[in-house]
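A quick write-up on the structure given underneath.
Numbering (our numbering), first residue to last: 382 to 842.
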């Protein structure tokens, strides 16, 4: 359950000494705390953290969906559900420096805190920082229902739909004769549509549970099959109420690059008269390379053809990789930098994973044993249950930890938390992208939705 305080605090509180300059926080951790992200330090309790922020510990526990409020672990990131943020005065800081840091005038900062503009600020003083204006974005999320459609997934769609612009049903699988294998969808499109969400029909080149370059080639070159496929897509879209046709064609042959471009041009020509938009998922490229596993994708052409695109900026860490961040910020940034050089920014969605991985030693590819996917909430609970401190990689902008299980097997876990998603939100804002895309709903990450609500207004189209 998500809870947010509606209180706006206009007074100063003295910050306890253990939370002041000598608390052991890095400057980056303090910066995160300034946007209501608190990193648990040794000896802290949820009750004490709540007292420091003036928020009942029960509210913090509910907002972060903590299983047991009495159990938190060192390094765990918590979102503090307040409106605005706090700043604790550090040695050498003035009201002027603090006001510049947060983009607020000195007079306004003094006014909301009821202090003199020329007064001396004691170290440890807690200042209230009013919230910044929110940015409008689109939010695109995939959903992958299985048969039978679980009630838990239905409830997740119902809960998150107010914060979505698009819900993408993964996936409709073209057959080699142009027919479509349909996924189980239950009432999901109706639930999303009732909340003002645009339902998107994902069409992939999946065949026998794997992306097939051969299947894609058949669809590209056989005009009879292609025309039949397009007609079937339009009929399904009308029947279900899809308004966007989203192509997720992966691992295409480099030689089929222009064939895919032409395929999408023809799809656009067929779908536009039917009132349908067209979009595509793009793998993470950093140059216009026409070789390798991503050689079949032409960023510039697809950006011109499609109404929008989603960047699959994740899976650097994956099931068979060495343990590492799934979406490390420097690599994600390089993809975005290339994307905006080829595609209009108002067509680009930044991709974000709602999961992490738990690797067991010996790590792939030596062992051949794939890492297990975990939701951010599962990862935090695992750290708590194994009494393990969570570390944070400030280069990758990703939390991680290691532990040894009851069978004496060593594990390494990389996942997402409030700090890592904050870094991606900041990147989205820096590059002025259209919005963010998630793979996929059904993986518990309450902090993501709290921070999104704090920073953005979600468009409904």
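Don't be surprised by glycine CBs; every beta carbon is placed ideally from N, CA and C.
(request) Kindly list the residues whose CB is nearer than 6 Å to the CB of residue 823, restricted to its own chain and excluding five residues on each side of it in sequence; keep chain order. (result) Within the chain shown, residue 823 is the residue found at index 442, counting from 1. Excluding residues within five positions, the ones whose Cβ falls inside 6 Å are 534, 537.
(request) Would you list, in sequence order, the uninterrupted alpha helix (DSSP H) runs of no fewer than 4 residues that lie entirely inside the stretch 687 to 748? (result) 710 to 723, all fully within the stretch 687 to 748.
(request) Counting only the same chain and skipping the five closest in sequence on each side, list residues whose C-beta sits under 6 Å from that of residue 645. (result) Counted from its first residue, the chain shown places residue 645 at position 264. 686.
(request) Please classify residue 501: does DSSP put it in a helix, a strand, or coil? (result) Counted from its first residue, the chain shown places residue 501 at position 120. Residue 501 falls in the coil class under three-state DSSP.
(request) May I ask you to report which of helix, strand or coil DSSP gives residue 776? (result) For the purposes of this step, residue 776 is taken as the residue at position 395 of the chain shown. In this structure, residue 776 counts as coil in the three-state DSSP scheme.
(message) Contact defined as beta carbons within less than 8 Å: I believe residue 730 pairs with residue 817. What is the distance between those atoms, to the nearest angstrom?
(response) Position 349 of the chain shown, counting from 1, holds the residue named residue 730. Position 436 of the chain shown, counting from 1, holds the residue named residue 817. Yes, they are in contact, since the Cβ atoms of residue 730 and residue 817 sit about 6 Å apart, within 8 Å.
(request) State the start and end residues of the unbroken beta strand (DSSP E) segment that holds residue 467. (result) As a working note, residue 467 is residue 86 in the chain shown. Its beta strand (DSSP E) spans residues 466 to 469.
(message) Do residue 706 and residue 777 have their beta-carbon atoms positioned less than 8 Å apart in this structure?
(response) Looking up residue 777 in the chain shown gives position 396. Looking up residue 706 in the chain shown gives position 325. The answer is yes: Cβ separation under 8 Å.
(message) Restricting to Cα atoms, I'd like to know which of 566, 507, 836, 720 is closest to residue 526.
(response) Here residue 526 refers to the residue found at position 145 when the chain shown is read from its first residue. Looking at the Cα atoms, 566 is the closest of the given residues.
(message) Between residue 580 and residue 530, how many whole angstroms is the CB-CB distance? I'm expecting something under 8 Å.
(response) By 1-based counting over the chain shown, the position of residue 580 is 199. By 1-based counting over the chain shown, the position of residue 530 is 149. Residue 580 to residue 530, Cβ: 15 Å. No contact.
(message) Pairs of beta-carbons, one from the stretch 692 to 700 and one from the stretch 734 to 754, closer than 8 Å: are there three or more?
(response) yes
(message) With DSSP as the reference, identify every bridge partner of residue 555, one or two as the case may be.
(response) Along the chain shown, read from residue 1 onward, the residue named residue 555 stands at position 174. In the DSSP assignment, the residues bridged to residue 555 are 561.
(request) Name the one or two DSSP bridge partners that residue 592 has. (result) Taking the first residue of the chain shown as position 1, residue 592 is located at position 211. Answer is 587.
(message) Just verifying my parser: in three-state terms, what is the DSSP assignment at residue 761?
(response) Locating residue 761 in the chain shown gives position 380, counting from the first residue. It is helical.
(request) For the beta strand (DSSP E) holding residue 662, just list the boundary residues, first then last. (result) Taking the first residue of the chain shown as 1, we reach residue 662 at position 281. Run containing residue 662: 658 to 663, per the beta strand (DSSP E) assignment.
(message) Between which residues of its own chain and residue 838 is the CB-CB distance below 6 Å, once the five residues before and five after are set aside?
(response) Looking up residue 838 in the chain shown gives position 457. Within the same chain, residue 838 has close Cβ partners 515, 517.
(message) Looking at residue 716: is its Cβ nearer than 8 Å to the Cβ of residue 812?
(response) Taking the first residue of the chain shown as position 1, residue 716 is located at position 335. Taking the first residue of the chain shown as position 1, residue 812 is located at position 431. Not in contact: residue 716 and residue 812 (Cβ atoms no closer than 8 Å).
(request) Report the partner residues of residue 625 according to the DSSP bridge assignment. (result) Position 244 of the chain shown holds residue 625. Answer is 581, 658.
(request) In angstroms with no decimal places, state the Cα-to-Cα distance between residue 775 and residue 618. (result) Counting from one through the chain shown, the residue named residue 775 turns up at place 394. Counting from one through the chain shown, the residue named residue 618 turns up at place 237. If you take the alpha carbons of residue 775 and residue 618, they lie about 44 Å apart.
(message) Considering only DSSP beta bridges, list what residue 510 is partnered with.
(response) Against the chain shown, residue 510 aligns to sequence position 129. Residue 510 pairs with 466.
(request) Report the three-state DSSP secondary structure of residue 816 (helix, strand or coil). (result) The residue you call residue 816 lines up with position 435 of the chain shown. DSSP places residue 816 in strand when its eight states are reduced to three.
(request) Alpha carbon to alpha carbon, how far is residue 477 from residue 493? Give it in angstroms, no decimals. (result) What you label residue 493 is simply residue 112 of the chain shown in a count that begins at 1. What you label residue 477 is simply residue 96 of the chain shown in a count that begins at 1. For residue 493 and residue 477, the distance between alpha carbons rounds to 15 Å.
(request) Alpha carbon to alpha carbon, how far is residue 689 from residue 571? Give it in angstroms, no decimals. (result) In the chain shown, the residue the question calls residue 571 occupies position 190. In the chain shown, the residue the question calls residue 689 occupies position 308. In a straight line, the C-alpha of residue 571 is about 23 Å away from that of residue 689.
(message) Here's the rule: buried if 16 or more other CB atoms are within 10 angstroms of the residue's CB, otherwise exposed. What is residue 841?
(response) Counted from its first residue, the chain shown places residue 841 at position 460. So residue 841 ends up on the exposed side.
(request) With distances taken Cα to Cα, identify the nearest neighbour of residue 583 among 606, 624, 608, 449. (result) For this step, residue 583 is matched to residue 202 along the chain shown. Answer by Cα proximity: 624.
(request) Measure the Cβ-Cβ separation of residue 713 and residue 760 and say whether it is below 8 Å. (result) Here the question's residue 713 lines up with position 332 in the chain shown. Here the question's residue 760 lines up with position 379 in the chain shown. No, Cβ-Cβ distance for residue 713 and residue 760 is not below 8 Å.
(request) Using only alpha-carbon positions, find the residue among 578, 592, 655, 573 that is nearest to residue 611. (result) The sequence position of residue 611 within the chain shown is 230, counting from 1. Ranking 578, 592, 655, 573 by Cα distance to residue 611 puts 655 first.
(request) Return the residue from the list 488, 510, 509, 511 that minimises the CA-CA distance to residue 500. (result) Residue numbering aside, residue 500 sits at position 119 when the chain shown is read from its first letter. It is 488.
(message) With a threshold of 6 Å on Cβ separation, who are the neighbours of residue 597 within its own chain once the five nearest residues in sequence on each side are excluded?
(response) Within the chain shown, numbered from 1, the residue matching residue 597 stands at position 216. Contacts found: 586, 630, 633.
(message) I'd like the span of the alpha helix (DSSP H) that includes residue 572, first residue to last.
(response) On the chain shown, residue 572 is found 191 positions in, with the first residue counted as 1. Its alpha helix (DSSP H) spans residues 569 to 575.
(request) Give the single residue among 419, 462, 662 whose Cα lies nearest to the Cα of residue 453. (result) Sequence index remark: in the chain shown, residue 453 carries index 72 (1-based). Taking only the C-alpha atoms, the option nearest residue 453 is 419.
(message) Rounded to the nearest angstrom, what separates residue 601 and residue 639 at their Cα positions?
(response) The residue you call residue 601 lines up with position 220 of the chain shown. The residue you call residue 639 lines up with position 258 of the chain shown. Looking at the two C-alpha atoms, the distance is approximately 10 Å.
(message) Alpha carbons only, please: which of 743, 569, 561, 496 is nearest the one belonging to residue 532?
(response) Here residue 532 refers to the residue found at position 151 of the chain shown. Ranking 743, 569, 561, 496 by Cα distance to residue 532 puts 569 first.
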